[in-house]
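So the sequences go chain by chain: P and H.
Residue numbering for the first sequence follows our numbering, beginning at 76 and increasing consecutively.
Residue numbering for the second sequence follows our numbering, beginning at 297 and increasing consecutively.
Just so it is clear, CB atoms sit at the ideal spot from N, CA and C, and this is done for glycine as well.
Shown next, in structure tokens, is the structure this report addresses.
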Amino acid sequence: MTARHHLRWLAGATLLAALGCSEDTVGLPGDPAPIGVGETRDVELRYLRFDVKGFAKTNTLAALRAMPRKVLQDVWLLDLDARPLLVNALSKLRDMPEAEVAALPIAGQNMRKLVLMTPDNAELEGTKLEELIAISAAVGIPPAKCLSDLVGIGVTDPVIPVEVIADVMLQNVVSTHPNAQTRRGPVDAEHPDGVYPVAPGHIPLTLADVITNFEDMAERFGPVEGHPGFVLEAKGISVVEDEFSMTSKVNANALPYKGIDLSNGDVASVNSVGGQIETLHDFSDPDWMQITGLVPVPKVQTLGFGLVENDAFVPGGDSREPAPTGNSPGWDLLPWEFERLILDMASAAVADTPAHCNDYELGTGVSAFTGCIDDDGWVTLETFNGVGSPPPPAYMWDLELELAQVRLHDGGLAEGEADVAMTITDVEVGVPPEQMIEQVKANVQANPEALREFASLLTDSTVGAADFYYVRGIDSLPADQQGDWLFFVTEDDIALDEDGNPVRPYGYDAPGFFADPQLGDKRSDTREVDGDSEHEKIRVAPGDVLYAGGDDGGVFRIDVLDKPARSHLALSITRVR
Amino acid sequence: MRRALPCLAPLCLALPLVAAPASARASGFDAPLIGSGQSGPVTDDAAATWWNPGRLGTLRQPELQVGAGLVFGAIGYQRDLRGQYQFSDNLGFKTPIDPADIDPMKFGQQQKVRATPVGPALDLYAAIPAIPDRLVFGVGVGIPYVALLGFPKDGPQRFAGQSIFLAAPHTTLAMAVRAHRVISIGAGVSYVLGTLSLSKIQDFGAVDLFGDSLSRPPIGQANDFGANAPPQVRELDVLARPIEIKQAIAHGISFNAGIALQPTDKLSLGLVYHHGANLTFHGKFRLDMNDEFFTQDLAAQGLQYKPLVTGKTTVRLRLPKRITLGAGYRISKRFGLDGFVSYVFYQDFDRIRIRLSSPDLAQPGLGLGPDNDQNLIRNWKGTVNTEINGRIEATEKLRVSVTVGYNSPASPDSTLDVFSPDGHRMIVGAGIRHRFSPRFALLADVKTQFIVPRTNTKSDYDLGNGRYTMFIGAAMVHGQFRFGTPGGKRAKAKAKATPSRPPSTAPQPDAAADDPAATQPPASEAAPASDAPASRGGPGVGGPTPPPPPPVPEPGH
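Below you can see the structure in the form of structure tokens.
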């Protein structure tokens, strides 16, 4: 014994009364055991509200990353417009330093030439337009002038502007990608399968994408289900900084409901936030959600993208029919194949070109060559007085399709070997963070239900395996909603594990409350009480007798006992089978 | 269920201890009996070691005084709720509370509660003259401060307290020097071994730290919780957490000093100073947080205690200083009076500083560390304590004494509560002393205190409004033993040389009369008879020493 212990003993012995005063007033409950058939157990439930207002819940990057990825993937934030990303990527390709160009594969270099192609640098050799070179020489004008006049652009203007390329790629490649067409969302009446459409040309962005800096971008938007994908590689994507945080203010009862696990009569907790999702946020408060830590200029450090070509040479059409495209077999190709893209790009590029004709004369004043394009993009080249052999009439895209294919295979590439794969660096996503934040807020405000699981996860207060729980209809509710209610749990009430999966199956054969032990005479319904119209519920009073089934297949009798206090409910639980 | 606790001493006053501000109370916790019922600042007995060490200087014979007895009491309280309260199973934390949540039944007088403590009482004092008529040592163990109460755990007083045991026994070593036949001075040093146990329901709604933690991020809810919480947000079931502090021990040092004057043989005066002591109790606490509100419901927000939080606690308080002026006067041969007036600096007891320390108290998410400091505001007032004791020598061997007194209250209305059933305290006592021989006397005393029933309507935050009653009694028997020869061998030799006088037939008023040599100098040195001291209680409950002094009894007489 230490000296200190001696002193304590001395004090205790000397002061005899202290011995009489000693009595434990603090104790702990034991673990409940399963309820056997015929066994009865009394349980008291409490309904306690901790009504927080403007409760600011801040989630740091680390906290968010610790959440189940599955849940985060279900938190849709916005459909990100991919056009700026594509435009920026193509512009980067166009403006690439020559040293970097040399490092590109030949197909990539050829693709870049197409992006850069202007009437002035167009290499018409080996195509139907090659004859223009001779004709131009005959009439004493540069071929570039002739070509630019034909498509109605300057000689140094791109034949197919980057913006047009991007738009067509959005339409033909991005929008057709399976993962850019739909996204997951909450199941409701309008979306019974939980699948929601994505705006064309957009990429659905989830909270998981943001907090992981889109680490699986290439996986999601690469080749999938026969689609070649449009992102082959994506590294170093910076969307959020380490200081990223997402704060939302909520008005809610922050405490879980208290319910009963029928199997053992234990009091369990059921997260209440999901049931309050409609009123969770005060959208009249402009600061109801704050997102900080988005990088000022979201970028992709390394972005690889590509195009696939058809294995065969695809000829341009030679007929106006079928209108309005003509008869090139390229129109029958998959929309993301190179040849089809060229057709669409060229078509889009000349869509706004007005019908016109350019007449070129010899030095004698005699008309030697006329080039016309009509409102449909049909090109007619005529020569007179034996000046050359112009190509036959065709749509402009038919001519450009041939030109593009030939140029793509420059350098000796055979057909089918010119799939384009390029990597460019430091591509800006093109959507400023402020715009992203506003879109996120608008989307969540329009559909707060999407946050149900996420919000529930934030409070993470479901404990145990309640089969039903107690709600007191408070005095401020309509009279028919006041009183003591028992709510039977739904699937949404099941807690999630670390991977975002339910910790237990929703194994109820007959959810709800019944008047008979056979569970055939249901007495509960889903009427609205305190904003809830999803749960089976029933108002109870002392003396009521109900039956309910547990998730273990057992059936239990529930006797409602006298109320111990205003917000307490006493029940007697008996397992009947 | 009411539970009576054994009581070591009757004055069941309390120390309010808990991790909550301003909820538990106490009042002056003087023990009613120190030494015999006739001991006092002008009494010549061994208990002068505590009462007035200067008085030890008058003792001429070794003396041992041992006492035992019982203390008992009956403390009643009927709480009167004068504020508005929400239903206790509600959790509104910011006023105004929805009128629908106000409990209309929680108002007015509540169930009466009563504590009836009974317990043993012990003390022991000894005086040893080292140099005859010059230097006397005293030693003793007594319990001048004690509080013991046990109320129903679930009574309406539970937020103020359920049970408390506080005792501060003093072991005192004193020394007195008789500077002159008229004056003696003395001083003592006391080792104070304090012990403290208590239990109560801690209202977290009245805890500043709790309110602050809710108001700060991450929860960030403006609330009215804290020390100044209005009744509307107090005494909610979910925030009512049982706490115990068990057998906390404190060590302290105190001292006293006194002057004893004997200006005439009929008049005795004494002036005493007690310094009190700073006590820091070290013990353990158990805090029951076993409510899912605290253990799991808000875990994601950073609030998650273990169901049972245990740890170390320190409680700092100060035993008060006091100044006492005593006087005794021998009115006649058979009748004498003495008494005292004390001013007790209970304002020293302005607050109790409590620290609960446990890793399990830390709530990092809420900015709460492992230490929880609380100041319990007491704001006690200095009290005036006075007693008058009258003695009648009924026979030669039997003395009867009667005591009346008054203590002013220490607790103001604002902090009065069930652990401080304080008020205008009336004191009534009676005692006898029978001297079986010059060496042994038996003293039996009964002393009671009661307060004028006190109805409080001005309690801070409605914590302690209601009606208080208090009765405390002590019944003790003391044996008084004297050894050796009064004044030592020299005095004995002188006494033998002095012709004996015939025995007096008159009853002697005090021990000095029985054995004047025990408290008076030898005749050759004695002051004139008119200067003989009039002392209260003790070996001599102060009757006048009749001149000439009676013959010195033979040892063993």
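Task: Complete runs of the beta strand (DSSP E) confined to the region 614-650 of chain H [at least 3 residues] - done: If we require 3 residues or more, the beta strand (DSSP E) runs fully inside the region 614-650 of chain H come out as 618-626 and 631-640.
TODO: Kindly indicate which three-state DSSP category aspartate 591/P falls into: helix, strand or coil?
DONE: As a position in the first sequence, residue 591/P is number 516, starting the count at 1. Coil at aspartate 591/P, not helix or strand.
Task: Near-chain H residues of the region 311-339 of chain P - C-beta to any C-beta below 8 Å - done: Within the region 311-339 of chain P, the qualifying residues are Ala329, Leu330, Pro331 and Lys333.
- [ ] Could you check the C-alpha separation between lysine 449/H and phenylalanine 461/H for me, to the nearest Å?
- [x] Position 153 of the second sequence, counted from the start, is the residue given in the question as residue 449/H. Position 165 of the second sequence, counted from the start, is the residue given in the question as residue 461/H. Going by the C-alpha atoms only, they are around 15 Å apart.
Task: Local Cβ density within 10 Å of lysine 333/P, reported as buried at 16 or more and exposed below that - done: The residue labelled residue 333/P in the question sits at position 258 within the first sequence. In the assembly as shown, lysine 333/P is a buried residue. Its beta-carbon has 16 or more other beta-carbons within 10 Å.
Task: Residues in the region 406-440 of chain H having any Cβ partner in chain P nearer than 7 Å - done: Within the region 406-440 of chain H, contact with chain P at the beta-carbon level (separation under 7 Å) is assigned to Gly415 and Pro416.
TODO: Tell me, please, whether the region 523-537 of chain H touches the region 584-603 of chain H by the rule of three or more beta-carbon pairs shorter than 8 Å.
DONE: Yes: at least three Cβ pairs fall under 8 Å.
Task: Ranges of the beta strand (DSSP E) found wholly within the region 710-784 of chain H, counting only runs of at least 3 - done: Scanning the region 710-784 of chain H for uninterrupted beta strand (DSSP E) segments of 3 residues or longer gives 721-733, 736-747, 750-752 and 762-778, listed from N- to C-terminal end.
TODO: Taking phenylalanine 125/P as the query, report the chain H residues whose CB atoms sit under 7 Å from its CB, ordered along the chain.
DONE: Within the first sequence, numbered from 1, the residue matching residue 125/P stands at position 50. Those are Leu387, listed as they occur along chain H.
Open item on the list: So that I know if they touch, is there some Cβ in chain H lying closer than 7 Å to that of leucine 636/P?
Closed with: Stepping through the first sequence from its first residue, residue 636/P is reached at position 561. It does not; no Cβ of chain H falls within 7 Å.
Open item on the list: Taking its Cβ as the centre, do 16 or more other Cβ atoms sit within 10 Å of aspartate 596/P, making it buried, or is it exposed?
Closed with: Reading the first sequence from its first residue, position 521 is the one you call residue 596/P. So aspartate 596/P ends up on the exposed side.
Open item on the list: Can you check whether the C-beta of alanine 553/H is within less than 7 Å of a C-beta belonging to chain P?
Closed with: If you number the second sequence from 1, residue 553/H lands on position 257. No, because no Cβ of chain P sits closer than 7 Å to the Cβ of alanine 553/H.
Open item on the list: phenylalanine 521/H and glycine 548/H - do their beta-carbons sit closer together than 7 Å?
Closed with: As a first step, residue 548/H is located in the second sequence; it is residue number 252 there, counting from the start. As a first step, residue 521/H is located in the second sequence; it is residue number 225 there, counting from the start. No, they are not a contact pair.
Open item on the list: Between Val234/P, His302/P, Ser323/P and Gly624/P, which has its C-alpha nearest glycine 129/P's C-alpha?
Closed with: Here residue 129/P refers to the residue found at position 54 of the first sequence. Considering only alpha carbons, the answer is Ser323/P.
Task: alpha helix (DSSP H) runs contained entirely in the region 180-209 of chain P, provided each spans 4 or more residues - done: For the region 180-209 of chain P, whole alpha helix (DSSP H) runs of length 4 or above, ordered along the chain, are 181-191.
Open item on the list: Quick check: is the beta carbon of serine 820/H nearer than 7 Å to any beta carbon in chain P?
Closed with: Taking the second sequence and counting its residues from 1, the one referred to as residue 820/H is at position 524. No answer about serine 820/H holds up, because its pLDDT of 38 lies below 50 and its placement is not dependable.
Task: Interfacial residues, the region 565-594 of chain H to chain P, with Cβ spacing under 8 Å - done: Near chain P, meaning a CB-to-CB distance below 8 Å, the residues of the region 565-594 of chain H are Arg582, Leu583, Asp584, Asn586, Glu588, Phe589, Gln592, Asp593 and Leu594.
Open item on the list: Looking at chain P, is there any beta carbon in it that lies within less than 7 Å of the beta carbon of glutamine 453/H?
Closed with: Residue numbering aside, residue 453/H sits at position 157 when the second sequence is read from its first letter. Interface annotation, glutamine 453/H: not in contact with chain P, CB-CB separation never under 7 Å.
TODO: With DSSP as the reference, label proline 395/H as helix, strand or coil.
DONE: Taking the second sequence and counting its residues from 1, one reaches residue 395/H at position 99. Secondary structure at proline 395/H: helix, using DSSP grouped into helix, strand and coil.
Open item on the list: In the DSSP assignment, the beta strand (DSSP E) including threonine 498/P goes from what residue to what residue?
Closed with: Locating residue 498/P in the first sequence gives position 423, counting from the first residue. First-last of the beta strand (DSSP E) with threonine 498/P: 495-503.
Task: Segments assigned alpha helix (DSSP H), at least 4 residues, entirely inside the region 521-598 of chain P - done: For the region 521-598 of chain P, whole alpha helix (DSSP H) runs of length 4 or above, ordered along the chain, are 527-534.
Open item on the list: Taking the beta carbon of threonine 339/H as the centre, do at least 16 other beta carbons fall within 10 Å, making it buried, or is it exposed?
Closed with: Here residue 339/H refers to the residue found at position 43 when the second sequence is read from its first residue. By the neighbour-count criterion, in which 16 or more other beta carbons inside 10 Å mark a residue as buried, threonine 339/H falls on the buried side.
- [ ] Inspect the beta-carbon positions of glycine 682/P and valine 285/P and report whether they are closer than 7 Å.
- [x] Missing from the structure shown is residue 682/P; chain P here goes from 76 to 652 and no further.
Task: Residues from the region 510-527 of chain H in contact with chain P, defined by Cβ distance under 7 Å - done: Residues Pro513, Pro514, Ile515, Gly516 and Gln517.
Open item on the list: Could you tell me the alpha carbon to alpha carbon distance between isoleucine 747/H and asparagine 524/H, rounded to whole angstroms?
Closed with: On the second sequence, position 451 is the one that residue 747/H refers to. On the second sequence, position 228 is the one that residue 524/H refers to. Approximately 29 Å, taken between the alpha carbons.
- [ ] Could you tell me which residues DSSP puts in a beta bridge with alanine 443/H?
- [x] Here residue 443/H refers to the residue found at position 147 of the second sequence. Within the DSSP bridge table, the entry for alanine 443/H names Leu462/H as partners.
- [ ] Could you say which of Gly451/H, Val611/H, Ile439/H and Ser459/H lies nearest to threonine 467/H if we only look at CA atoms?
- [x] Numbered from 1 along the second sequence, position 171 holds the residue referred to as residue 467/H. If we check each option's Cα against that of threonine 467/H, Ile439/H comes out closest.
TODO: Would you be able to state if there are at least three C-beta pairs under 8 Å between the region 760-768 of chain H and the region 361-379 of chain H?
DONE: Yes, the region 361-379 of chain H is in contact with the region 760-768 of chain H.
Task: Identified DSSP bridge partners for leucine 364/P - done: Start at 1 with the first residue of the first sequence, and residue 364/P comes out as number 289. With the sequence shown as reference, residue 364/P is identified as methionine, and leucine is not the correct amino acid for it. For methionine 364/P, which the question treats as bridged, DSSP gives the partners Ser323/P.
Task: leucine 222/P versus aspartate 393/P: straight-line alpha-carbon distance, rounded - done: In the first sequence, residue 222/P corresponds to position 147, counting from 1. In the first sequence, residue 393/P corresponds to position 318, counting from 1. So the two alpha carbons sit approximately 19 Å from each other.
Task: Residue burial classification, methionine 401/H (beta-carbon count within 10 angstroms, cutoff 16) - done: Indexing the second sequence from 1 puts residue 401/H at position 105. Looking at its Cβ environment, which holds fewer than 16 other Cβ atoms inside 10 Å, methionine 401/H is exposed.
- [ ] Give the interface partners of histidine 266/P over in chain H, defined as CB-CB distance under 7 Å, in chain order.
- [x] Residue numbering aside, residue 266/P sits at position 191 when the first sequence is read from its first letter. Chain H residues near histidine 266/P: none, gap ~29 Å exceeds 7 Å.
Task: Span of the alpha helix (DSSP H) around serine 509/H - done: To locate residue 509/H, count along the second sequence from 1; it is residue 213. Start and end: 504-511.
Task: 8 Å Cβ cut-off: residues of chain H touching aspartate 535/P - done: One-based indexing of the first sequence puts residue 535/P at position 460. By Cβ distance, chain H contributes Ala595 and Ala596.
TODO: Using a threshold of 7 Å, state whether the C-beta atoms of valine 604/P and tryptophan 560/P are closer than that.
DONE: Taking the first sequence and counting its residues from 1, one reaches residue 604/P at position 529. Taking the first sequence and counting its residues from 1, one reaches residue 560/P at position 485. Yes; because the gap between Cβ atoms is below 7 Å, this pair is in contact.
Open item on the list: Give me the chain H residues within the contact set of phenylalanine 130/P, using Cβ-Cβ distance strictly less than 9 Å, ordered along the chain.
Closed with: What you label residue 130/P is simply residue 55 of the first sequence in a count that begins at 1. The contact set of phenylalanine 130/P on chain H, defined by CB atoms closer than 9 Å, consists of Pro514, Ile515, Gly516, Gln517 and Gln597 in chain order.
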